[in-house]
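A.B. asks:
There are 2 protein chains.
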Amino acid sequence: MNRTSAVSKNRLLAALSRADLALLQPHLERVPLKVRQVLEAPNKPIKHSYFIESGLASIVAGNSHRRLEVGLIGREGMTGLAVVMGNDRSPNENFIQVAGEGTRIAVDRLRGAMQKSRSLEGAFLNFAHSFMNQTSSTALSNGTATIEERLARWLLMAHDRLDGDEVPLTHEFLSLMLGVRRAGVTVALHFLERKAVIRLSRGRIVVMDRDGLRTSANGTYHAPEVEKRVTRQRR
Amino acid sequence: MNRTSAVSKNRLLAALSRADLALLQPHLERVPLKVRQVLEAPNKPIKHSYFIESGLASIVAGNSHRRLEVGLIGREGMTGLAVVMGNDRSPNENFIQVAGEGTRIAVDRLRGAMQKSRSLEGAFLNFAHSFMNQTSSTALSNGTATIEERLARWLLMAHDRLDGDEVPLTHEFLSLMLGVRRAGVTVALHFLERKAVIRLSRGRIVVMDRDGLRTSANGTYHAPEVEKRVTRQRR
DNA sequence: GGCTCGCGGTACGTTCCCGTACAAAAGTAA
DNA sequence: TTACTTTTGTACGGGAACGTACCGCGAGCC
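Heads up: the protein sequence lines correspond to chains A and B, in order. For the first sequence, counting from 1, position 34 maps to 36 in the numbering used here; every step adds exactly one. For the second sequence, counting from 1, position 127 maps to 129 in the numbering used here; every step adds exactly one.
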């Protein structure tokens, strides 16, 4: 199989050494990712880890009354972090928010591969750490930012992970993600539109000006960390 | 060395197998933990991981304008999770909030021990995962709860990790942790005092009624997960 | 080609929390 | 005791977001 076609659009897989990839390859299964598809149910054993190639998954925490998104995963990473960290489940729900496709691996296969290769395990843990940082950052902005700032941050994160400039989501959906009123989202989006950083149409937000969005995010957005981990590869 | 006295008051250490503990033991150094002592500075290489035996450390995220606590670590765990996950630094600050003592280990020794024992690594990763869940939960309550609810949650978490019922902190300090006004904390604490779930005195909050606090937390507090991870010990 | 239903725009009064400010305790040092 | 510092109690006007509600519009369905 030729090298170019073998490289996944998933950045985590694409960055693996050939040997590590070979450990996973036989167990990877290509799957479509449909909107609202549940990848992990809260407190239920996780069956597969997903490597997203296009689309977006949302990690949502919640206690029936309260619910909101604590993290976003796209082609830069993988789902099933609980498994990477030696557990079999997570209290949070994980579902597809923007349709796409990717590959998945059964969790026992994943565990096996990680046991066999420290560098593979290291790569996954490294992503788990950056996801943890994303969650901290979410906690920070939830605690201190306005809806408009939080929306700008969210749009930037989504834009980072999608092809093109369209974010195909309704205000209602965004309000669930941010844990605020739908009407609040509508108003805040209009502010952003008046600043010409986005354009709105039904069920769709188009990012027009990333820098403007960054300004609107007012310090709550941080570019996805450029891998600065201690290299552990020593093979 | 006799078994009773060898068992650390740190729960993570106490739960390790004898073999795993033996890997760490030679490198552990007993240290006092002083208020405001910085265990990890943001984006600087971490030098030691700390196993707290008494006292409380706070993990704070922030961009100079904004700052608030995203997690709390006491005797149930360890600091330096970035290292556990293969990195050498974290964007968050980590400092002592309530004085106490504990042991620490230099990070390269820690890495060495984790390389040698999968079960040791597994134990630490398991804690990292539960800390991650704590952070999600913080993100959730920051986004959806009132000050009074967040305070109740915070007090319960602190109470879980401290000896006795006293939380020796000023309103000012709590306001920094929650990212709200100091005056807001004062008012909210009075509400809780009027409900007789706490008692206030200068620089000190005494927990009187845990169940009442739980009610006041209104669903934002979850008892620290009772270790339900897949057993990985296969030593 | 009319209808239905989901989505988006807008409004009203209310609640929570903010920024700021100042003075009354409660400790601490002299 | 006195003087000083830190912490706490309380107030005020203002702004952000809330719950709720109602209506127009667009897109897909029959």
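C-beta atoms are modelled at their ideal positions from N, C-alpha and C, and glycine is treated no differently.
1. Which residue wins for smallest C-alpha separation from M210 of chain B, given the options B:T172, B:V189, B:H161, B:L180?
2. V9 of chain B: buried (16+ other C-beta within 10 angstroms of its C-beta) or exposed?
3. Is DSSP giving E71 of chain A helix, strand or coil here?
4. Could you check how far apart the C-beta atoms of R163 of chain A and R216 of chain A are, in whole angstroms? I think they sit under 8 Å.
5. Taking the alpha carbon of S56 of chain B as the point to measure from, which residue in B:V37, B:V62, B:G64 has its own alpha carbon closest?
6. I'd like the list of long-range same chain contacts for H173 of chain B, defined as Cβ closer than 7 Å, with 5 residues on each side in sequence excluded.
7. How is Q39 of chain A classed by DSSP in three states: helix, strand or coil?
8. Go through its chain and collect everything with a Cβ distance to T105 of chain A's Cβ below 8 Å, but skip five positions before and after it.
9. Thinking C-beta only, is Q99 of chain B closer than 8 Å to S60 of chain B?
10. With a cut-off of 8 Å on the beta carbons, I'd call T140 of chain B and V72 of chain B a contact; round off their distance for me.
11. Buried or exposed: where does A154 of chain B fall if 16 or more other Cβ atoms within 10 Å of its Cβ makes it buried?
12. Closer than 8 Å, CB to CB, is R231 of chain B near chain A or not?
13. Applying a beta-carbon distance threshold of less than 8 Å, which residues of chain A neighbour M87 of chain B?
14. Checking 8 Å against the spacing of the C-beta atoms, do S218 of chain B and L194 of chain B come in under that value?
15. Could you tell me if G102 of chain B is buried or exposed, where buried requires 16 or more neighbouring beta carbons within 10 angstroms of its beta carbon?
16. Can you list the beta strand (DSSP E) stretches of 3 or more residues lying completely in the stretch 147-223 of chain B, in chain order?
17. Anything in chain B within Cβ reach of N65 of chain A, meaning under 7 Å, just list it in chain order.
18. Cβ atoms of V208 of chain A and E168 of chain A: under 8 Å apart, would you say?
19. Taking just the CA atoms, how far does V182 of chain A sit from R68 of chain B?
20. Using only the alpha-carbon positions, how far apart do V85 of chain B and R201 of chain A sit?
21. Three-state secondary structure (DSSP) at S139 of chain B?
22. Any beta carbon from chain B within less than 8 Å of D167 of chain A's own beta carbon?
23. Rounded to whole angstroms, what's the CA-CA distance from G166 of chain B to D213 of chain B? Just pull it up for me.
24. According to DSSP, is E123 of chain A helix, strand or coil?
25. With DSSP as the reference, label V9 of chain B as helix, strand or coil.
26. Tell me the rounded alpha-carbon separation between K197 of chain B and W156 of chain B.
C.D. replies: Working from what's here:
1. Stepping through the second sequence from its first residue, residue 210 of chain B is reached at position 208. Of B:T172, B:V189, B:H161, B:L180, the residue nearest in Cα terms is B:H161.
2. Locating residue 9 of chain B in the second sequence gives position 7, where the first residue counts as 1. Exposed, because fewer than 16 other Cβ atoms sit within 10 Å of the Cβ of V9 of chain B.
3. Along the first sequence, one-based indexing puts residue 71 of chain A at 69. Three-state DSSP puts E71 of chain A in a strand.
4. Here residue 163 of chain A refers to the residue found at position 161 of the first sequence. Here residue 216 of chain A refers to the residue found at position 214 of the first sequence. Their Cβ separation, rounded to whole angstroms, is 16 Å, which puts R163 of chain A and R216 of chain A out of contact at 8 Å.
5. As a first step, residue 56 of chain B must be located in the second sequence, where it is residue number 54. Closest by alpha carbon: B:V37.
6. As a first step, residue 173 of chain B must be located in the second sequence, where it is residue number 171. Closer than 7 Å at the Cβ level, and outside the excluded window around H173 of chain B, lie R184, V187, T188, L191.
7. By 1-based counting over the first sequence, the position of residue 39 of chain A is 37. The answer is coil: DSSP assigns Q39 of chain A none of H, G, I, E or B.
8. Within the first sequence, residue 105 of chain A is the residue found at index 103, counting from 1. S10, N12, L15, L30, E31, R32, V33, Y52, F53, E55, listed in sequence order.
9. On the second sequence, residue 60 of chain B is found 58 positions in, with the first residue counted as 1. On the second sequence, residue 99 of chain B is found 97 positions in, with the first residue counted as 1. The answer is yes: Cβ separation under 8 Å.
10. On the second sequence, position 138 is the one that residue 140 of chain B refers to. On the second sequence, position 70 is the one that residue 72 of chain B refers to. 5 Å between Cβ atoms; contact.
11. Position 152 of the second sequence, counted from the start, is the residue given in the question as residue 154 of chain B. Classification for A154 of chain B: buried.
12. Here the question's residue 231 of chain B lines up with position 229 in the second sequence. Note on R231 of chain B: pLDDT 39, under 50, position unreliable in the model; no value is reported.
13. What you label residue 87 of chain B is simply residue 85 of the second sequence in a count that begins at 1. The answer, in chain order, is L127, N128, A130, H131, M134.
14. Position 216 of the second sequence, counted from the start, is the residue given in the question as residue 218 of chain B. Position 192 of the second sequence, counted from the start, is the residue given in the question as residue 194 of chain B. Yes, the Cβ-Cβ distance between S218 of chain B and L194 of chain B is below 8 Å.
15. Translated into positions along the second sequence, residue 102 of chain B becomes position 100. Buried, because 16 or more other Cβ atoms sit within 10 Å of the Cβ of G102 of chain B.
16. 200-203, 206-209
17. In the first sequence, counting from the first residue as 1, residue 65 of chain A sits at position 63. Going along chain B in sequence order, the residues near N65 of chain A (Cβ under 7 Å) are G221.
18. Counting from 1 along the first sequence, the entry for residue 168 of chain A is found at position 166. Counting from 1 along the first sequence, the entry for residue 208 of chain A is found at position 206. Going by C-beta atoms, E168 of chain A is nearer than 8 Å to V208 of chain A.
19. For the purposes of this step, residue 68 of chain B is taken as the residue at position 66 of the second sequence. For the purposes of this step, residue 182 of chain A is taken as the residue at position 180 of the first sequence. So the alpha carbons of these two residues sit roughly 20 Å apart.
20. Here residue 85 of chain B refers to the residue found at position 83 when the second sequence is read from its first residue. Here residue 201 of chain A refers to the residue found at position 199 when the first sequence is read from its first residue. Going from the Cα of V85 of chain B to the Cα of R201 of chain A covers about 42 Å.
21. In the second sequence, counting from the first residue as 1, residue 139 of chain B sits at position 137. Correct three-state label for S139 of chain B: helix.
22. Residue mapping note: residue 167 of chain A aligns to position 165 of the first sequence, counting from 1. Chain B, which has no Cβ nearer than 8 Å to the Cβ of D167 of chain A, makes this no.
23. As a working note, residue 166 of chain B is residue 164 in the second sequence. As a working note, residue 213 of chain B is residue 211 in the second sequence. Distance between the alpha carbons of G166 of chain B and D213 of chain B is about 16 Å.
24. The count along the first sequence starts at 1 and reaches residue 123 of chain A at position 121. E123 of chain A: helix per DSSP, three-state reduction.
25. For this step, residue 9 of chain B is matched to residue 7 along the second sequence. The answer is coil: DSSP assigns V9 of chain B none of H, G, I, E or B.
26. Within the second sequence, residue 197 of chain B is the residue found at index 195, counting from 1. Within the second sequence, residue 156 of chain B is the residue found at index 154, counting from 1. Between K197 of chain B and W156 of chain B, the C-alpha separation is close to 17 Å.
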